[in-house]
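Heads up: the sequence lines are chains R and C, in that order. All letters in the first sequence, in the order written, are residues 220 to 392 by the working numbering. All letters in the second sequence, in the order written, are residues 187 to 413 by the working numbering. Input: a single structure, listed below in structure tokens.
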Amino acid sequence: MEEEKKRTVFVTVGTTCFDALVKAVDSHQVKEELRRKGYTHLVIQMGRGSHIPSKFSGEDGSLAVDYFTFSPSIADYLRSASLIISHAGSGSIFETLRLGKPLIVVVNEDLMDNHQSELAEELADRKHLFYGSPRTLHDTIRAMSLESLLPYQPGNALPVAKLMNRFLGFPSG
Amino acid sequence: MGEQIGNFCYILPAIVAILMVRVTYVFYWVGKPLQFSKYERVRTLIILGSGGHTAEMLSIVNVLQKDWFTPRFYVAAATDNMSLQKAQVLEEALVPQDETNSNKKLEVAKFMQIYRSREVGQSYITSIWTTLIAVMHALWLTIKIRPQVIICNGPGTCIPLCIAAFVFKIAGLRWSSIFYVESIARVRKLSLSGLLLYKLHMADQFYVQWPKLQRKYPRAQYVGCLM
């Protein structure tokens, strides 16, 4: 019975250092918005960052908070989460979309060559995810409606293989 | 002495002229389809770029007709220890269960590392020097691999190998076809590696995963999303 009520938010920064995101999800504002949306647990994969979030058991009705630095596979965390808040790396974006989980991508504005926002913006335009910055994360959570998201149809490499075969003169079937 | 200089005056322009004719000839044939028969095999160099690049590349390798694209040589940056491991897992899954002969597996797939030409965040000035070292290493790998097909998708790791392959084409030592697939993360602008290969006409086939990019770079072909 306990399990049914458990709604976990999983935050991942990948192999990067993204303190701004960890600080944002650790803020009172964001935790309050998440609690208001019905989430009960917050698990943060904080990577190489130096900001240590404060742990809470959540017994007093507030959000339970836990964190860790790295895990060889975050797949289990993604699977058991009800909402994922991720950095803009294509790996975790597509891993999450393929699981059909609601996703908020937060772009690291401190990166010099910030081409990663291109992908997040495009997928947000196509309504596959929500997209924001550390400063506006609480607004994104408040404004998001999960019903507006469209499922992502995973792509495949067959067109590439076909074109390669055709170019080389192999039967392209 | 004067005679030697005189000879030199003839020889140098001749060499330059021959080289220019050869380079023009190579550029003329880049991008022209080949005619392998279905009974032939092509030595395939697969460049793994780490992280998301590797994931996209392995999704391509997954659907390639393995009987044609064989043997397969996987190359990853020396600083990247995950990519070759992932490729190895994919190759091991291809070996039929009842066949415990590991020698056969080793024949069709080989795994190698290459010096990285540019680390993330390295300045463009120092990366000229490191690229030079990487090109020397790439030439050595190209001698060993003698690829007929090169599949790459960035980042910088693939540039020295593509340059080496191009030197081999001009020297007439080995003809190879370069297939470049721009990363799914590039929606509006090409990556530096992609832009180089596109502008220098070094890729025989140039694939992009978003329609916006295809409109901007008309020689590219749109292939949809890999992931």
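Glycine included, every Cβ here is placed at the ideal spot set by N, Cα and C.
Any C-beta of chain R under 8 Å from that of residue i
i: C/Leu-412; result: yes
i: C/Leu-381; result: no
i: C/Leu-327; result: no
i: C/Val-335; result: yes
i: C/Leu-280; result: no
i: C/Gln-274; result: no
i: C/Ala-241; result: yes
i: C/Ala-406; result: no
Residues bridged to residue i (per DSSP)
i: C/Gly-338; result: It is worth fixing the name first, because residue 338 of chain C is Cys in this sequence and not Gly. C/Tyr-366.
i: C/Met-298; result: C/Val-261
i: R/Ile-323; result: R/Ile-304, R/Phe-349
i: R/Ala-283; result: R/His-260
i: R/Thr-231; result: R/Gln-264, R/Ser-305
i: C/Leu-393; result: Here residue 393 of chain C is Tyr; the residue named in the question, Leu, does not match the sequence. Per DSSP, C/Val-367, C/Gln-407.
i: C/Thr-230; result: C/Arg-258, C/Val-335
i: R/Phe-275; result: R/Val-284
Presumed contact (8 Å Cβ cut-off) between residue i and residue j, rounded CB distance
i: C/Phe-365; j: C/Ala-389; result: 7 Å
i: R/Gly-183; j: R/Val-232; result: There is no way to answer for residue 183 of chain R, as the model of chain R reaches only from 220 to 392.
i: R/Phe-389; j: C/Pro-219; result: Not a contact, Cβ separation roughly 11 Å.
i: C/Gly-407; j: R/Leu-377; result: This sequence places Gln at residue 407 of chain C; Gly is not what is there. Actually they do not touch by this definition, with Cβ atoms about 14 Å apart.
i: C/Glu-368; j: C/Leu-378; result: Not confirmed; about 11 Å, so no contact.
i: C/Arg-302; j: C/Thr-265; result: 6 Å
i: R/Leu-356; j: R/Val-325; result: 6 Å
i: C/Lys-272; j: C/Leu-244; result: 6 Å
i: R/Phe-287; j: R/Gln-264; result: 6 Å
i: C/Arg-372; j: R/Glu-337; result: 7 Å
i: R/Val-284; j: R/Leu-261; result: 5 Å
i: C/Gly-235; j: C/Thr-328; result: Going by Cβ atoms, the distance from C/Gly-235 to C/Thr-328 rounds to 18 Å, so no, they are not a contact pair.
Min CB distance residue i to chain A below 8 Å
i: C/Arg-374; result: The displayed structure is made up of protein chains R and C, and chain A is not among them.
Any C-beta of chain C under 8 Å from that of residue i
i: R/Met-220; result: The predicted model places R/Met-220 with a pLDDT of 44, which falls under 50 and marks its position as unreliable; any figure quoted below should be read in that light. No, R/Met-220 does not count as interfacial toward chain C.
i: R/Val-379; result: yes
i: R/Pro-291; result: no
i: R/Phe-386; result: yes
i: R/Leu-297; result: no
i: R/Leu-382; result: yes
i: R/Pro-272; result: no
i: R/Phe-389; result: yes
Contacts that residue i makes with chain C (C-beta to C-beta distance below 7 Å)
i: R/Ala-376; result: Ser-245, Ile-246, Asn-248, Val-249, Leu-412
i: R/Phe-313; result: Met-413
beta-carbon residue i near the ligand ATP non-hydrogen atom, thresh 7 Å
i: C/Ser-245; result: What this structure holds is no ligand at all, so the ligand ATP is not there to describe.
Interface residues of chain C facing residue i [CB-CB closer than 9 Å]
i: R/Pro-373; result: Cys-411, Met-413
i: R/Leu-322; result: None at all; the shortest Cβ gap to chain C is about 14 Å.
Partners in chain C for residue i, counting only beta-carbon separations shorter than 8 Å
i: R/Pro-370; result: Per Cβ cutoff of 8 Å: no residues; R/Pro-370 is ~14 Å from chain C at best.
i: R/Gly-319; result: Near R/Gly-319 there are no residues of chain C at all, since even the closest Cβ is about 15 Å away, more than 8 Å.
Neighbouring residues, chain R, relative to residue i (Cβ below 7 Å)
i: C/Gly-238; result: Gly-308, Ser-309, Gly-310
request  = Name, going along the chain, the residues of the region 219 to 235 of chain C whose beta-carbon falls closer than 9 Å to a beta-carbon of chain R.
outcome  = Within the region 219 to 235 of chain C, the residues whose Cβ lies closer than 9 Å to some Cβ of chain R are Pro-219, Leu-220, Gln-221, Phe-222, Ser-223, Lys-224, Glu-226, Val-228, listed in chain order.
request  = Give the residues from the region 253 to 272 of chain C that approach chain R closer than 7 Å (Cβ to any Cβ), ordered along the chain.
outcome  = Trp-254
inquiry  = Counting only Cβ-Cβ distances shorter than 8 Å, please list the residues of the region 328 to 354 of chain R near chain C, keeping chain order.
reply    = Met-331, His-334, Gln-335, Glu-337, Leu-338, Glu-340, Glu-341
inquiry  = Using a Cβ-Cβ cutoff of 7 Å, what residues of the region 233 to 252 of chain R are near chain C? List them in chain order.
reply    = none
ask   = Going along the region 343 to 376 of chain C in order, which residues come within less than 9 Å of chain R, judged by CB to CB distance?
value = Taking 9 Å as the Cβ-Cβ cut-off, the region 343 to 376 of chain C approaches chain R at Ser-363, Phe-365, Val-367, Ser-369, Ile-370, Ala-371, Arg-372, Val-373, Arg-374, Lys-375, given in chain order.
query = Name the residues in the region 387 to 403 of chain C whose C-beta lies less than 9 Å from a C-beta of chain R; which are they?
reply = Asp-390, Gln-391, Tyr-393, Gln-395, Trp-396, Lys-398
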